[in-house]
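Line order of the protein sequences matches chains U and Z.
So for the first sequence, the working numbering puts the first residue at 3; every next one is plus one.
So for the second sequence, the working numbering puts the first residue at 3; every next one is plus one.
A virtual CB, placed ideally from N, CA and C, is assigned to each residue, including glycine.
To start, the structure itself, in C-alpha cells.
Protein chains: 2
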Amino acid sequence: MPNTHIVKQFEEELKQIKEKVIRLGGIVESQIADAIKALTERDSPLAEKIIQRDHVINGLEVEIDELCLKVLATRQPAASDLRLITTAMKIITDLERVGDEAVNISERAVELNREPPLKAFIDLPRMAEASQKMLKGSLDAFVNGDVKLASKILADDDFVDNLNAQIFRELLTFMSEDPQTISRAMKVLFISKYLERIGDHATNIAELVIFMVKGKVIRHMALDE
Amino acid sequence: MPNTHIVKQFEEELKQIKEKVIRLGGIVESQIADAIKALTERDSPLAEKIIQRDHVINGLEVEIDELCLKVLATRQPAASDLRLITTAMKIITDLERVGDEAVNISERAVELNREPPLKAFIDLPRMAEASQKMLKGSLDAFVNGDVKLASKILADDDFVDNLNAQIFRELLTFMSEDPQTISRAMKVLFISKYLERIGDHATNIAELVIFMVKGKVIRHMALDE
Numbered sequence: 003m004p005n006t007h008i009v010k011q012f013e014e015e016l017k018q019i020k021e022k023v024i025r026l027g028g029i030v031e032s033q034i035a036d037a038i039k040a041l042t043e044r045d046s047p048l049a050e051k052i053i054q055r056d057h058v059i060n061g062l063e064v065e066i067d068e069l070c071l072k073v074l075a076t077r078q079p080a081a082s083d084l085r086l087i088t089t090a091m092k093i094i095t096d097l098e099r100v101g102d103e104a105v106n107i108s109e110r111a112v113e114l115n116r117e118p119p120l121k122a123f124i125d126l127p128r129m130a131e132a133s134q135k136m137l138k139g140s141l142d143a144f145v146n147g148d149v150k151l152a153s154k155i156l157a158d159d160d161f162v163d164n165l166n167a168q169i170f171r172e173l174l175t176f177m178s179e180d181p182q183t184i185s186r187a188m189k190v191l192f193i194s195k196y197l198e199r200i201g202d203h204a205t206n207i208a209e210l211v212i213f214m215v216k217g218k219v220i221r222h223m224a225l226d227e
Numbered sequence: 003m004p005n006t007h008i009v010k011q012f013e014e015e016l017k018q019i020k021e022k023v024i025r026l027g028g029i030v031e032s033q034i035a036d037a038i039k040a041l042t043e044r045d046s047p048l049a050e051k052i053i054q055r056d057h058v059i060n061g062l063e064v065e066i067d068e069l070c071l072k073v074l075a076t077r078q079p080a081a082s083d084l085r086l087i088t089t090a091m092k093i094i095t096d097l098e099r100v101g102d103e104a105v106n107i108s109e110r111a112v113e114l115n116r117e118p119p120l121k122a123f124i125d126l127p128r129m130a131e132a133s134q135k136m137l138k139g140s141l142d143a144f145v146n147g148d149v150k151l152a153s154k155i156l157a158d159d160d161f162v163d164n165l166n167a168q169i170f171r172e173l174l175t176f177m178s179e180d181p182q183t184i185s186r187a188m189k190v191l192f193i194s195k196y197l198e199r200i201g202d203h204a205t206n207i208a209e210l211v212i213f214m215v216k217g218k219v220i221r222h223m224a225l226d227e
C-alpha cells in the first residue's frame with residue numbers, strides 16, 4: 003500500500019511548482035505591458051521601475067529551481083512527473099529571459115523619451131499584446147499538458163514575426179526619406195526585435211510542452227508494446 | 003557496501019552526458035565559424051549547408067535530454083550529481099539556440115551575397131571568434147565545475163557587447179551618409195546582434211555553471227552547520 007501521506011505531499015509540491023511558474027509568468031507579463039506603456043506614454047519613471055523590479059523575477063526563478071531540485075532529490079519522481087519538473091526548470095529560464103527583454107525595452111524607452119517623438123506607435127503595442135497572449139497560452143498549455151493549445155502558440159508566432167517584418171519595412175522607408183530619424187528608428191526597431199524575441203520564448207515554451215507530453219506518449223507506447 | 007557495478011555504470015553515464023554536451027558544443031562552434039566564413043567569403047552554398055545541418059544539433063539535443071531523463075529516473079542522483087544533470091539539460095537548450103543563431107547568420111549571408119559588397123568585414127569575424135571562445139570556455143567550465151573560468155566568461159561578454167555597440171555606431175554613420183546602404187547595413191547589424199546573442203548564451207551557460215557549483219557549496223555549508 004502506498005503511503006498516502008507522502009503521495010499527498012508530493013502532489014502538493016507539484017501543484018506548488020505549477021502555481022509558482024504561473025505566478026512568475028504573471029509578473030513577466032505585467033513587466034512587458036508596463037514596458038510598452040512606458041514607451042507609448044513616454045513614462046520614464048515607470049521604465050526605471052521595471053528595470054528595478056527585475057530582481058523579483060530572478061529571485062522567484064531561483065526559488066522555483068531550488069524547489070524543483072528538492073522534489074527531484076527527495077521524491078525521486080519518474081515518467082511524466084519527472085518530465086513535468088525538468089520542463090518547469092527549463093520554462094523558468096525562458097521566463098527570466100523574457101523579463102530581461104522587458105528591461106531592454108524599458109532601457110530603449112528611456113532613451114527614446116529623451117528625444118522628440120518619431121511617430122505614433124501602432125504596431126508595437128499590437129505586437130506586445132500578441133506576445134503576452136502567447137506567453138500566457140504557453141503557460142496554460144504547460145499547466146494542463148495541453149498539446150493542442152501549445153500547437154496553436156506555434157502558429158501565433160507567425161503573426162508576431164510578420165508584424166516585426168512590417169515594422170522593419172516601414173522604418174526602412176522612414177530612415178531612407180529622412181536620415182535624421184535613423185538613430186531613433188533603430189531604437190524602435192530594436193524594441194520590435196525584443197518583442198519578436200518574447201514571441202520566440204513563448205514558442206520555445208510551447209515546444210517544451212509538446213515535447214513533455216509527446217515524450218510521455220512515446221514512453222506509454224513503448225510500455226504497451 | 004555500495005554496489006560497485008551500479009556506481010561504475012552511473013559514473014559512466016555522467017561521463018557520457020558531459021562528453022555529449024561537449025560534442026554538441028563543438029558542432030555548434032563549427033556552425034558559427036562556417037556561418038561567418040559564408041558571409042566573409044560570400045559562399046552561399048556553404049550557408050545553405052549550415053541551414054541544412056541544423057537538424058543534427060536538434061537531434062543531439064533530444065538525445066542528451068533523453069539520456070539525462072533516463073539517468074534521473076533510474077539512478078535517482080542527489081546533491082551535486084543531480085545539479086550537474088539538470089544544468090546539462092538547461093545548457094543544451096542554450097546550445098540549440100546558438101545553433102539557431104548560426105542559421106540566422108547564414109540566412110542573412112545568403113541575402114547579402116546577392117547584393118554588391120557593403121564594406122570589408124573586420125569586426126564581425128572578431129566578434130564571432132570571441133563568442134566562439136566564450137562558448138568553449140563556458141562548456142569547459144561546466145565539465146570541470148570551474149567557477150573561476152565561468153566568471154572570466156562573464157567579463158568577456160563586455161568585449162562582445164562593446165564590439166556590437168561599435169559596429170552599430172559605424173553602420174549608423176554609413177547609413178546617414180548614403181541611404182542606399184540602409185537595407186544592407188541593417189542586415190549586417192542583425193548579424194552583429196546574432197553574434198551578441200551568442201555571447202549572451204555563453205554568458206547564460208557560465209551563470210548556470212556558477213549556480214551549479216555555488217548551489218553545491220551552499221548545500222555543503224548547510225551540512226557543515
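Counting only beta-carbon atoms, is residue i nearer than 8 Å to chain Z?
i        : result
Ile52/U  : no
Pro181/U : yes
Met129/U : no
Ser153/U : no
Ser32/U  : no
Ser178/U : yes
Does residue i come within less than 8 Å of chain U when only Cβ atoms are used?
i        : result
Ile184/Z : yes
Lys92/Z  : yes
Thr205/Z : no
Met188/Z : yes
Leu225/Z : At Leu225/Z the pLDDT is 43, less than 50, meaning the model places this residue with poor confidence; the figure from the coordinates comes in the next sentence. Not closer than 8 Å to any Cβ of chain U, the Cβ of Leu225/Z fails to qualify, so no.
Measuring only the C-alpha atoms, how far is residue i from residue j?
i        : j        : result
Asn106/Z : Ala81/Z  : 38 Å
Ile203/U : Val73/Z  : One detail in the question is off: residue 203/U reads as His in this sequence, not Ile. Near 27 Å, if we compare the C-alpha coordinates of Val73/Z and His203/U.
Gln168/U : Val64/U  : 37 Å
Val9/U   : Asp83/Z  : 25 Å
Val215/Z : Val145/U : 30 Å
Arg110/Z : Leu197/Z : 12 Å
Asn25/Z  : Asp142/Z : Going by the sequence as given, residue 25/Z is Arg instead of Asn. Each residue's Cα considered, the two are about 12 Å apart.
Gly139/U : Asp125/U : 21 Å
Leu62/U  : Thr175/Z : 42 Å
Leu165/U : Ala130/Z : 29 Å
Gln94/U  : Glu179/U : Looking at the sequence itself, residue 94/U is Ile, so the reference to Gln does not match. One C-alpha to the other measures close to 43 Å.
Lys135/Z : Gly217/Z : 26 Å
Ala187/Z : Ile34/Z  : 20 Å
Ile29/Z  : Val149/U : 31 Å
Ile184/Z : Glu31/U  : 34 Å
Glu13/U  : Asn206/U : 26 Å
Pro118/U : Leu173/Z : 22 Å
Asp160/Z : Val190/U : 23 Å
Pro181/U : Met177/Z : 8 Å
Ile1/Z   : Arg171/U : In this structure chain Z extends from 3 to 227, so residue 1/Z is not present and cannot be described.
Run through DSSP, which three-state label would residue i get?
i        : result
Glu98/Z  : helix
Asp226/Z : Only weak support is given to the placement of Asp226/Z: the predicted model assigns it a pLDDT of 41, under 50, and the question is left unresolved by the model.
Val47/U  : It is Pro, not Val, that sits at residue 47/U in the sequence shown. Looking at Pro47/U - three-state DSSP - the assignment turns out to be helix.
Gln201/Z : What sits at residue 201/Z in the sequence shown is Gly, not Gln. Residue state, collapsed to three classes: helix.
Glu117/Z : coil
Leu127/U : In the sequence as displayed, the identity of residue 127/U is Pro instead of Leu. Pro127/U falls in the helix class under three-state DSSP.
Gly147/U : coil
Pro79/U  : coil
Ala187/U : helix
Ala1/U   : What is shown of chain U runs 3 to 227, which leaves residue 1/U out entirely.
Asn5/U   : coil
Asp159/U : helix
Glu180/U : At residue 180/U the sequence reads Asp, which differs from the Glu that was named. Asp180/U: coil per DSSP, three-state reduction.
Ignore the nearest five residues each way along the sequence and tell me which others in residue i's own chain have a CB closer than 6 Å to its CB.
i        : result
Ile200/U : Val100, Glu103 and Ser133
Ser46/Z  : Val112 and Asn115
Glu15/U  : Val73
Ignore the nearest five residues each way along the sequence and tell me which others in residue i's own chain have a CB closer than 7 Å to its CB.
i        : result
Ser108/U : Ala37, Ala40, Ala49, Ile52 and Ile53
Ala152/U : Ser140, Ala143, Ala208, Val211 and Ile212
Glu98/U  : Ile59, Asn60 and Glu63
Met91/Z  : Asp67 and Cys70
Phe123/Z : Leu41 and Thr42
Who are the near neighbours of residue i in its chain, counting only those whose CB is closer than 8 Å to its CB and skipping five residues on each side?
i        : result
Lys22/Z  : Leu62, Glu65, Ile66 and Leu69
Lys195/U : Asn166
Taking any Cβ of chain U, which residues in the region 66-96 of chain Z have a Cβ under 7 Å from it, in chain order?
Leu71, Leu74, Ala75, Gln78, Ala80, Leu84, Arg85, Thr88, Met91, Lys92 and Thr95
Could you run through the region 165-176 of chain U and flag, in chain order, every residue whose CB is less than 7 Å away from some CB of chain Z?
Leu174
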